[in-house]
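Step one of this worksheet: look at the structure below.
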Ligand code: DHB
Ligand code: FE
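Residue numbers (the numbering used here): 38 to 318.
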């Protein structure tokens with residue numbers, strides 16, 4: 038049997054569920070009044086959809102079967118991060134003055150290999166994709182450069198696949214943690230990622246097909262920037278003119294997060310600068 042190179046619900050979805058369960062603690066301390074208010078409104082919104090569309094029993098049963106399948110495929114992290122997380126992110130980061138946030142998505146893994154202020158991400162020999170030098174400075178909202186800041190970086194490869202979630206990719210491929218130098222600068226040598234397609238063979242893909250939507254996110258870089266005394270920012274960067282920048286299925290593109298790379302000075306691939314600005318804690 039040859040290994041299937043495309044992401045499947047069974048691998049990407051199940052890995053995303055497992056990673057989430059290991060990393061995020063349960064909300065055992067939730068306040069009853071807030072649970073009551075939120076759960077009541079969520080259920081009322083669903084009941085309103087039933088009335089508005091005069092849902093049939095057949096449709097109700099399709100809905101039940103689909104909900105069961107999302108869980109069976111391990112796709113709740115994928116589904117929620119595509120269709121809901123962008124609203125949560127906007128609420129969470131509404132008062133920031135620094136760099137705009139964007140969704141984390143289901144594919145972050147803690148503990149990536151550490152580099153200094155400059156390094157090349159772990160890559161396979163001959164890793165496909167245009168070389169990209171991604172560099173910049175981290176500053177506070179008052180303009181001071183911030184040294185010793187962690188820049189935690191992850192991305193998909195040239196096929197839109199993430200290490201540790203799609204099969205057959207070395208563990209830390211295209212993942213790394215960098216630390217800004219005394220002037221607050223970092224430089225990451227990587228490759229230009231490809232657009233990401235939501236796995237089409239699982240329950241999320243089935244909904245997208247049934248509804249006639251497309252399943253694509255634009256090519257993007259993922260970054261978490263954190264420093265003592267500052268708020269951690271989780272964001273993504275996109276590429277101007279890239280496919281699906283205008284119609285991201287996850288609604289996570291913001292104008293301030295679109296990069297415009299130029300040909301690299303040394304003639305290899307492209308380079309682009311992005312400066313992060315951290316809000317005080
Ligand atoms: C999903 C995948 C991503 O790469 C991302 O950044 C956000 C969401 C997803 O499949 O849910
Ligand atoms: Fe992503």
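For glycine and all other residues, C-beta sits at the position ideal for the given N, C-alpha and C.
Q.
Please report the distance separating the alpha-carbon of residue 156 from that of residue 215.
A. Here residue 156 refers to the residue found at position 119 when the chain shown is read from its first residue. Here residue 215 refers to the residue found at position 178 when the chain shown is read from its first residue. Pairing residue 156 with residue 215, the inter-Cα distance amounts to about 8 angstroms.
Q | the stretch 246-260 contacting the stretch 120-135, beta-carbon criterion three pairs below 8 angstroms | A | Segments in contact, no.
Q) For residue 272 versus residue 294, is the C-beta spacing smaller than 8 angstroms? A) As a position in the chain shown, residue 272 is number 235, starting the count at 1. As a position in the chain shown, residue 294 is number 257, starting the count at 1. In contact: residue 272 and residue 294 (Cβ atoms closer than 8 angstroms).
Q. Would you say residue 259 and residue 169 are within 8 angstroms of each other, going by their C-beta atoms?
A. By one-based count along the chain shown, residue 259 stands at place 222. By one-based count along the chain shown, residue 169 stands at place 132. Contact: no.
Q: For residue 154, count neighbouring Cβ atoms within 10 angstroms of its own Cβ and tell me buried if that reaches 16, exposed if not.
A: In the chain shown, residue 154 corresponds to position 117, counting from 1. Classification for residue 154: buried.
Q. Would residue 303 be called buried (16 or more neighbouring beta carbons within 10 Å of its own) or exposed?
A. Numbered from 1 along the chain shown, position 266 holds the residue referred to as residue 303. Classification of residue 303: exposed, given that the 10 Å Cβ count is below 16.
Q) What are the start and end residues of the alpha helix (DSSP H) that includes residue 228? A) One-based indexing of the chain shown puts residue 228 at position 191. Counted as a single uninterrupted DSSP element, the stretch harbouring residue 228 is not any alpha helix (DSSP H) but the beta strand (DSSP E) occupying residues 222-228.
Q. Hey, would you say residue 306 sits closer than 8 angstroms to residue 212, going by beta carbons?
A. For the purposes of this step, residue 306 is taken as residue 269 along the chain shown, with counting starting at 1. For the purposes of this step, residue 212 is taken as residue 175 along the chain shown, with counting starting at 1. Here residue 306 is not near residue 212, since their CB atoms are 8 angstroms or more apart.
Q.
For a test of your reading of the model: does the CB of residue 266 fall under 7 angstroms from any non-hydrogen atom of the ligand FE? Yes or no.
A. Here residue 266 refers to the residue found at position 229 of the chain shown. No, since every heavy atom of the ligand FE falls outside the 7 angstroms radius drawn around the Cβ of residue 266.
Q. Rounded to a whole number of angstroms, what is the C-alpha to C-alpha distance between residue 282 and residue 182?
A. Taking the chain shown and counting its residues from 1, the one referred to as residue 282 is at position 245. Taking the chain shown and counting its residues from 1, the one referred to as residue 182 is at position 145. Taking the straight line from one Cα to the other gives about 30 angstroms.
Q | Cα-Cα separation, residue 80 to residue 262 | A | Counting from 1 along the chain shown, the entry for residue 80 is found at position 43. Counting from 1 along the chain shown, the entry for residue 262 is found at position 225. Going from the Cα of residue 80 to the Cα of residue 262 covers about 36 angstroms.
Q: Assess, as a yes-or-no matter, whether the stretch 222-241 is touched by the stretch 89-96 under the definition of 3 or more beta carbon pairs within less than 8 angstroms.
A: Result no; under three Cβ-Cβ pairs closer than 8 angstroms.
Q: Please look up how many angstroms separate the CB atoms of residue 186 and residue 264, rounded, as I've assumed it's under 8 angstroms.
A: The residue given as residue 186 occupies position 149 in the chain shown. The residue given as residue 264 occupies position 227 in the chain shown. With 8 angstroms as the limit, residue 186 and residue 264 qualify as a contact, their Cβ atoms being about 4 angstroms apart.
Q. Do we get a CB-CB distance below 8 angstroms when we pair residue 266 with the residues of chain D?
A. Given the protein chain composition of this structure (a single chain), no chain D is represented.
(Q) Just to confirm my understanding: we take residue 208, look at its own chain, exclude 5 residues before and 5 after, and list those with CB closer than 7 angstroms. What are they? (A) Taking the first residue of the chain shown as 1, we reach residue 208 at position 171. Only 200 and 201 meet the Cβ criterion.
Q. Within the present structure, is the beta-carbon of residue 249 separated from the nearest heavy atom of the ligand DHB by less than 7 angstroms?
A. Here the question's residue 249 lines up with position 212 in the chain shown. Checking the Cβ of residue 249 against the ligand DHB gives no.
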